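Participant: In the working numbering, the protein residues as written are -9 to 315.
Glycine included, each C-beta is placed from N, C-alpha and C at the ideal position.
The structure displayed is predicted, hence computed values, not measured ones.
One structure follows; several queries about it will come next.
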């Protein structure tokens, strides 16, 4: 189920509050730390959605953005990754494939291509917004049972919201937008795999970034060197390189990777999917001044539905209290 079957890690006695013998020591609870990490991740993901749309109008190509996305974290974290090399190499193939495919080159290229064919609102709504639905499907496949109540209603709202986004492009048919929306759905499904895969590995956030970026950078580098993917880095404008270095490399690749992996450990895979409930709204609001996009009626209807759906899909029922309590 989306929210009720999350496995909670056993915390040390002092993790939820002040240590015994130190009554004056206060700090955030693990849940509060996880939610704070998610809020910052929302801002970075909004920037990712905007950059996915802006890439089509820049002097960089998708392969160039991917090199920055996966290469910058490796350079910054190289000493720390070297110390974790044995732990990274010991990860089981199954979870490793989920992480590398779910947030690596396949996801990145799908998101960039889908953004080029649609709008920032589509990227910011479909990619994170559909994650709870895909995560729920994975959990059902694992035998966790189908969602019920508000969770089922939330998943239904997400599906209706996505349908509202693309409906106006069905009649008459706009093949580019529909193809872009389909590609973004693929990207969202891949990200759901990444979300679940993070929960299955015994790595800290830095190790998780290394597990993702090392093979991803190697793959994108090989595709560029062999000419499978073209590159325009040598002739790109310095401002474009700087923008994507900050947003994709430092923001999405480093900061969001650390924070999202941290949130997964604090809140679990299903609850961490709630980040999508705020990301679409932030993207729509920022796309107006930054990209000059005007929200259409479909966006004004679809985005609130997706947002409400994600909130409901991640809502946890209150525990029942015995009558004699």
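(1) May I have the straight-line CA-CA distance separating residue 296 from residue 73, to the nearest angstrom?
(2) What did DSSP end up calling residue 103 once you bin it into helix, strand or coil?
(3) First and last residue of the alpha helix (DSSP H) that includes residue 23?
(4) When you compare each of 146, 167, 126 to residue 299 by their alpha carbons, which one comes out closest?
(5) Please determine, among 102, 29, 156, 125, the residue with the shortest C-alpha to C-alpha distance to residue 286.
(6) Say whether the region 240 to 250 touches the region 25 to 44, bearing in mind that this needs 3 or more beta-carbon pairs closer than 8 Å, one atom from each stretch.
(7) What would DSSP say about residue 15, mapped onto helix, strand or coil?
(8) As a quick exercise: from 66, 220, 193, 35, pick the residue whose alpha carbon is nearest that of residue 116.
(9) Give me the Cβ distance between residue 148 and residue 186, rounded to the nearest whole Å; I'm assuming they're in contact under 8 Å.
(10) Excluding five sequence neighbours on each side, which residues of the same chain lie with their C-beta closer than 7 Å to the C-beta of residue 143?
(11) Might you give, ordered along the chain, the residues of its own chain that have their beta carbon closer than 8 Å to the beta carbon of residue 49, omitting 5 neighbours on each side?
(12) CB-CB under 6 Å to residue 159, same chain, minus the five flanking residues each way: which ones, in chain order?
(13) Could you pull out every residue in the same chain whose Cβ sits closer than 7 Å to the Cβ of residue 175, ignoring the five residues on either side in sequence?
(14) With C-beta atoms as the reference, is residue 110 less than 8 Å away from residue 188?
(15) Just the Cα atoms here: how many angstroms apart are residue 206 and residue 90?
(16) Checking 8 Å against the spacing of the C-beta atoms, do residue 71 and residue 196 come in under that value?
(17) Grab me the residues of residue 291's own chain with a C-beta within less than 7 Å of its C-beta, minus the 5 sequence neighbours each way, in chain order.
(18) Closest to residue 66 by C-alpha separation, out of 235, 288, 269, 289, would be which residue?
(19) Under the three-state reduction of DSSP, which class applies to residue 195: helix, strand or coil?
(20) With three or more C-beta pairs closer than 8 Å as the rule, is the region 95 to 113 touching the region 43 to 62?
(21) Which word fits residue 173, buried or exposed, when buried means at least 16 other C-beta atoms lie within 10 angstroms of its C-beta?
(22) How far does the alpha helix (DSSP H) with residue 166 in it extend, from its first residue to its last?
(23) Could you name the residues of the same chain whose beta carbon sits closer than 6 Å to that of residue 38, not counting the 5 residues immediately before and after it, in chain order?
(24) Per DSSP, what kind of secondary structure is residue 256 in: helix, strand or coil?
(25) Which residue wins for smallest C-alpha separation from residue 122, given the options 258, 277, 276, 275?
Facilitator: Straight from the coordinates:
(1) 41 Å
(2) helix
(3) 20 to 44
(4) 146
(5) 156
(6) yes
(7) Because residue 15 sits at a pLDDT of 48, beneath the cut-off of 50, its placement in the model cannot be relied upon, and the following sentence gives the value as read from the coordinates. Three-state result, residue 15: coil.
(8) 35
(9) Between residue 186 and residue 148 the Cβ distance is about 17 Å, and since that is not below 8 Å, they are no contact.
(10) 302
(11) 222, 225, 226, 227, 230
(12) 167, 168
(13) 116, 120
(14) no
(15) 7 Å
(16) yes
(17) 154
(18) 235
(19) helix
(20) yes
(21) buried
(22) 165 to 189
(23) 242
(24) helix
(25) 258
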